[in-house]
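Participant:
Numbering (my numbering), first residue to last: 9 to 419.
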C-alpha cells in the first residue's frame, strides 16, 4: 500500500517511492529508498512538500506508524502527473524473446565481423544491413527490455571490438527506451552506436592489440580512430549527420578533455553523450587483452564518481536507474543461500529482479534451472520472502555464463 504524506509526517525507516518532483531534481541517486539517517530526513523536508511511501517496504515501526495515519492509499502516477518512460510494458515473455534475441545477436555479430573486415580491405561497408539490424534490435527491446541486454554478457576477449560494437548498440537502445526516445531517434542512435568503432580497423594491430599500456605516442595514434570512422562513413547516403556525430565524437567529455575535438558541455550532442556513457560502461565491464572486466555494479559506482568531469550528471544518473541496482548479468546470492544471475530488472520493484537460479544453498549447480521473479505475488509484502542478499563473484564460483546463455537461448 502506497500513501501520500507530508514531509513533516516522515520518520526514519519509511520507504520513499516517489517525490513531488522529478528524481533528477533531487540529490538522491536511486528512485526508491528507505530513510536511513537524519541527513536524508532533513534533505527530504527541505526539498519536498509531500512524498509517496510504501507501507509494506518500510521498517516495522515506521510501517506501524503509517498504518495509524488517517490517509487513504494513493495511486502514485495519478498524483504526480508524470509517467516513467521506461515502465515495464514488455509484450513478450523473457524466455521467448531470448530465443529470438539470440538469432538477432548472431546475425549482428556476423555483420560486424564482415564490416570490420571490409574496412581492413578498403571495401564499402553495407550500411543498409546495419539499419535493418538496428531496427530488429530496437523491436526486440520493445517486446522485452531485458532479453537482448542479457546477451551483452557474452563478452569475448579475443574479438573485443566485435562484441563491443554490438553491446554498445544494444545498451544504447535499451537506455534510449528508458528515456522514451522516438523510433526515429532510436534508429539514429542505434546506427551510430553499432558503427562507432569501425575506425579502429585503421589503427595498426600492434597498437590496437597491445597487451600493455600504450605509450603517449601510441595513444595519439589510437585517438585518431573516431576521425577514421567518420571519414569511412561520411559519404554514405544511409548514415545521417546524427549517426556520424556519434561516430566522430563518442570520446568527447563534458570537461572538454576528450577527443578528437575537445568539445565540452552542450557542444556535445545529446545522443552522442548517451553513447559515450554506454561505451565506457561496456569497455570497463569487458575482458580486454590488458585487463579483466569489473562487475557491472562496480562499474556504475566508478562512473558515477567520474561523471562531473566525463559525463553529463543527470544523464549518468538516468543510466544508473535504467541499468538498475542489480544490473542484468550480475551474479547474486539470495537470502536463502541460493545463487542466480539477474536476467531482468523489475522497474516497479528495483530491489527484486528476475533471476535465473544456478546453485543451491551449498553452491551446488542445479540440474534443472528455473526463473524466479523476486517481486512475485505478495513478495514485497512478505518480509520472509526470498530477496537478494548481495552481489557475488560468479567467476570465483565457477559459473560459465557463456555456456548458460547458450543453453537458455537455444530454440
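By construction, the Cβ of each residue, glycine as well, lies at the ideal position given by its N, Cα and C atoms.
#1: At the level of alpha carbons, what is the spacing between residue 416 and residue 106?
#2: What are the complete alpha helix (DSSP H) segments, minimum 4 residues, inside the region 306-362?
#3: Do residue 4 and residue 279 have their C-beta atoms within less than 8 Å of each other?
#4: Does residue 210 come out as helix, strand or coil in the three-state DSSP assignment?
#5: Is the Cβ-Cβ distance between residue 271 and residue 237 less than 8 Å?
#6: Pull up the distance between the alpha-carbon of residue 48 and that of residue 261, whole angstroms please.
#7: Just how far apart, CA to CA, sit residue 230 and residue 301?
#8: Considering only residues of the region 135-182, which uninterrupted beta strand (DSSP E) runs meet the minimum length of 3 residues and lie entirely inside it, listed in chain order?
#9: Since residue 407 is in the beta strand (DSSP E), which residue starts that stretch and which ends it?
#10: For residue 231, does the three-state DSSP call read helix, strand or coil?
#11: Give me, in chain order, the residues of the same chain whose beta-carbon lies closer than 7 Å to that of residue 426; leave out the 5 immediate sequence neighbours on both sides.
#12: Helix, strand or coil, according to DSSP, for residue 61 in the structure here?
#13: Can you grab the Cα-Cα spacing for the pair residue 27 / residue 239, in whole Å?
#14: In or out: residue 325 buried (at least 16 other Cβ within 10 Å) or exposed?
#15: Quick check on the burial criterion: 16 or more other C-beta atoms within 10 angstroms. Buried or exposed for residue 315?
#16: Taking residue 116 and residue 174 to be in contact with their CB atoms under 8 Å, please state how far apart those CB atoms are, rounded to whole angstroms.
#17: Who are the Cβ neighbours of residue 216 in its own chain at under 7 Å, not counting the five residues just before and after it?
#18: If we ignore side chains and look at the alpha-carbon of each, how far apart do residue 232 and residue 363 end up?
#19: Relative to the C-alpha of residue 104, which residue among 10, 149 and 164 is closest?
#20: Could you give the first and the last residue of the continuous beta strand (DSSP E) run that contains residue 285?
#21: Among the candidates 401, 69, 18 and 249, whose CA atom is the shortest distance from the CA of residue 54?
#22: Let me check one thing: in DSSP terms, what residues is residue 35 bridge-paired to?
#23: From the DSSP output, read off the bridge partner residues of residue 41.
#24: Take residue 164 and list the residues in its own chain whose beta-carbon comes closer than 7 Å to its own, dropping the five residues that flank it on each side.
#25: Taking contact to mean 3 or more Cβ pairs, one atom from each stretch, closer than 8 Å, check whether the region 181-189 and the region 374-381 are in contact.
#26: Looking only at its chain, what residues have a beta carbon closer than 6 Å to the beta carbon of residue 353, apart from the 5 residues adjacent to it on each side?
#27: By alpha-carbon positions, which one of 157, 10, 57 and 138 ends up nearest to residue 16?
#28: Please report the straight-line C-alpha distance between residue 22 and residue 69, rounded to a whole angstrom.
#29: Does the region 328-342 touch the region 394-403, meaning 3 or more C-beta pairs lie closer than 8 Å?
#30: Is it true that the CB of residue 74 sits closer than 8 Å to the CB of residue 11?
#31: Do residue 407 and residue 366 have their C-beta atoms closer together than 8 Å?
#32: Between the Cα of residue 102 and the Cα atoms of 205, 304 and 158, which residue gives the shortest distance?
#33: Where do the ends of the alpha helix (DSSP H) carrying residue 50 lie?
#34: Given a cut-off of 8 Å on the beta-carbon distance, is the pair residue 61 and residue 120 in contact?
#35: With DSSP as the reference, identify every bridge partner of residue 378, one or two as the case may be.
#36: Tell me whether residue 394 sits in a helix, a strand or coil according to DSSP, three-state version.
Facilitator: On the basis of the data shown:
#1: Taking the chain shown and counting its residues from 1, the one referred to as residue 416 is at position 408. Taking the chain shown and counting its residues from 1, the one referred to as residue 106 is at position 98. Each residue's alpha carbon lies about 8 Å from the other.
#2: Counting only runs that start and end inside the region 306-362, the alpha helix (DSSP H) elements of at least 4 residues fall at 321-331.
#3: A question about residue 4 goes unanswered here, because the residues of the chain that appear run from 9 up to 419.
#4: Numbered from its first residue, the chain shown carries residue 210 at position 202. Of the three classes helix, strand and coil, the one that applies to residue 210 here is helix, per DSSP.
#5: As a first step, residue 271 must be located in the chain shown, where it is residue number 263. As a first step, residue 237 must be located in the chain shown, where it is residue number 229. Taking 8 Å as the Cβ cut-off, residue 271 and residue 237 do not qualify as a contacting pair.
#6: In the chain shown, residue 48 corresponds to position 40, counting from 1. In the chain shown, residue 261 corresponds to position 253, counting from 1. When rounded, the distance between both Cα atoms is 31 Å.
#7: Translated into positions along the chain shown, residue 230 becomes position 222. Translated into positions along the chain shown, residue 301 becomes position 293. Distance between the alpha carbons of residue 230 and residue 301 is about 20 Å.
#8: none
#9: Taking the chain shown and counting its residues from 1, the one referred to as residue 407 is at position 399. No beta strand (DSSP E) holds residue 407; DSSP gives it neither H nor E.
#10: Mapped onto the chain shown, residue 231 falls at position 223. If DSSP states are grouped into helix, strand and coil, residue 231 belongs with coil.
#11: Residue 426 is absent from the structure shown; the chain starts at 9 and stops at 419.
#12: By one-based count along the chain shown, residue 61 stands at place 53. Residue 61 falls in the strand class under three-state DSSP.
#13: As a position in the chain shown, residue 27 is number 19, starting the count at 1. As a position in the chain shown, residue 239 is number 231, starting the count at 1. Those two C-alpha atoms are separated by around 47 Å.
#14: Taking the first residue of the chain shown as position 1, residue 325 is located at position 317. Taking every protein chain shown into account, the CB of residue 325 has 16 or more other CB atoms within 10 angstroms, so this residue is buried.
#15: Along the chain shown, one-based indexing puts residue 315 at 307. It is buried - the Cβ of residue 315 has at least 16 other Cβ atoms within 10 Å.
#16: As a working mapping, residue 116 is identified with position 108 in the chain shown. As a working mapping, residue 174 is identified with position 166 in the chain shown. Residue 116 to residue 174, Cβ: 5 Å. Contact.
#17: Taking the chain shown and counting its residues from 1, one reaches residue 216 at position 208. 208, listed in sequence order.
#18: In the chain shown, counting from the first residue as 1, residue 232 sits at position 224. In the chain shown, counting from the first residue as 1, residue 363 sits at position 355. Cα-Cα distance, rounded: 42 Å.
#19: Position 96 of the chain shown, counted from the first residue, corresponds to residue 104. Minimum Cα distance to residue 104 is reached at 149.
#20: Mapped onto the chain shown, residue 285 falls at position 277. Not the beta strand (DSSP E): residue 285 falls in the alpha helix (DSSP H), residues 278-293.
#21: One-based indexing of the chain shown puts residue 54 at position 46. Nearest option by C-alpha distance: 18.
#22: The residue you call residue 35 lines up with position 27 of the chain shown. Partner(s): none; residue 35 has no beta bridge.
#23: For the purposes of this step, residue 41 is taken as the residue at position 33 of the chain shown. The partner list for residue 41 (beta bridge, DSSP) reads 24.
#24: If you number the chain shown from 1, residue 164 lands on position 156. Here the set comprises 171.
#25: With the cut-off at 8 Å, the region 181-189 and the region 374-381 do not touch.
#26: Translated into positions along the chain shown, residue 353 becomes position 345. The residues are 332 and 361.
#27: As a first step, residue 16 must be located in the chain shown, where it is residue number 8. Looking at the Cα atoms, 57 is the closest of the given residues.
#28: For this step, residue 22 is matched to residue 14 along the chain shown. For this step, residue 69 is matched to residue 61 along the chain shown. Going from the Cα of residue 22 to the Cα of residue 69 covers about 9 Å.
#29: yes
#30: For the purposes of this step, residue 11 is identified with residue 3 of the chain shown, where counting begins at 1. For the purposes of this step, residue 74 is identified with residue 66 of the chain shown, where counting begins at 1. Yes, these two residues count as a Cβ contact at 8 Å.
#31: The count along the chain shown starts at 1 and reaches residue 407 at position 399. The count along the chain shown starts at 1 and reaches residue 366 at position 358. Cβ atoms of residue 407 and residue 366: closer than 8 Å.
#32: Within the chain shown, residue 102 is the residue found at index 94, counting from 1. The shortest Cα separation from residue 102 among 205, 304 and 158 belongs to 158.
#33: As a first step, residue 50 must be located in the chain shown, where it is residue number 42. Unbroken alpha helix (DSSP H) run through residue 50: 46-55.
#34: Within the chain shown, residue 61 is the residue found at index 53, counting from 1. Within the chain shown, residue 120 is the residue found at index 112, counting from 1. In this structure, residue 120 does not lie closer than 8 Å to residue 61 by Cβ.
#35: The sequence position of residue 378 within the chain shown is 370, counting from 1. Its beta-bridge partners are 365.
#36: Residue 394 sits at position 386 when you count from the first residue of the chain shown. If DSSP states are grouped into helix, strand and coil, residue 394 belongs with coil.
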